[in-house]
Structures are given as C-alpha cells and as structure tokens.
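Q:
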Amino acid sequence: MPDEAIDTSDIPVMDDEFWEKAVRNRFYHPAKKTMKIQLDAEILAWLKSQGAGYQARINEILRTAMLKEQGRAG
120 MPDEAIDTSD IPVMDDEFWE KAVRNRFYHP AKKTMKIQLD AEILAWLKSQ GAGYQARINE
180 ILRTAMLKEQ GRAG
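The opening position of the sequence shown corresponds to residue 120 in our numbering, with each subsequent residue numbered one higher.
1) Rounded to whole angstroms, what's the CA-CA distance from arginine 191 to methionine 120? Just pull it up for me.
2) Does DSSP classify glutamine 174 as helix, strand or coil?
3) Taking the continuous alpha helix (DSSP H) assigned at aspartate 122, which residues delimit it?
4) Quick one: Cα of alanine 164 to Cα of isoleucine 177, how far?
5) Please state the DSSP three-state secondary structure of leucine 158.
Following this line, the structure appears as structure tokens:
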C-alpha cells in the first residue's frame with residue numbers, strides 16, 4: 120500500500136502543547152556514559168560517607184540542577 124493511500128485524518132495533531140504535557144514512560148532509562156571527573160576531596164568523602172551508590176547520587180544531584188536550570192521539575 121503506498122503512503123498516499125493511508126487515511127491519517129483521524130490521527131490527533133501532535134503540536135507543541137501535546138509535547139509540553141508529555142511524561143516519560145516509567146521504564147525510561149537515560150543512556151549512561153562513562154567519564155572521568157575531578158571532584159574536591161571533601162565532596163567525594165561526603166558522598167561516599169552516605170554509603171553505597173555515591174556515583175548514582177552524583178548523577179541525581181547533577182540531574183536535579185540541570186532540570187532546575189531548564190525550568191522543569193525533577
């Protein structure tokens with residue numbers, strides 16, 4: 120069937136308003152990328168003192184700051 124033969128008249132418009140209301144699927148996982156960063160020793164010690172998962176906490180702190188700067192909720 121050629122594309123021209125497909126009836127798309129019942130498909131809703133997906134304009135900017137539609138995308139502003141969009142939410143991520145609960146199974147969404149952003150792609151991770153390994154990198155090397157330098158942190159102050161006291162910052163790293165503080166993060167590690169909170170137990171396992173300090174790298175995930177660094178990511179969450181940075182994500183929260185990014186979303187705040189972008190004007191979106193975290």
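Ideal Cβ placement from N, Cα and C applies to all residues, glycine included.
A: For this structure:
1) 43 Å
2) helix
3) From DSSP, aspartate 122 is part of no alpha helix (DSSP H); its letter is neither H nor E.
4) 12 Å
5) coil
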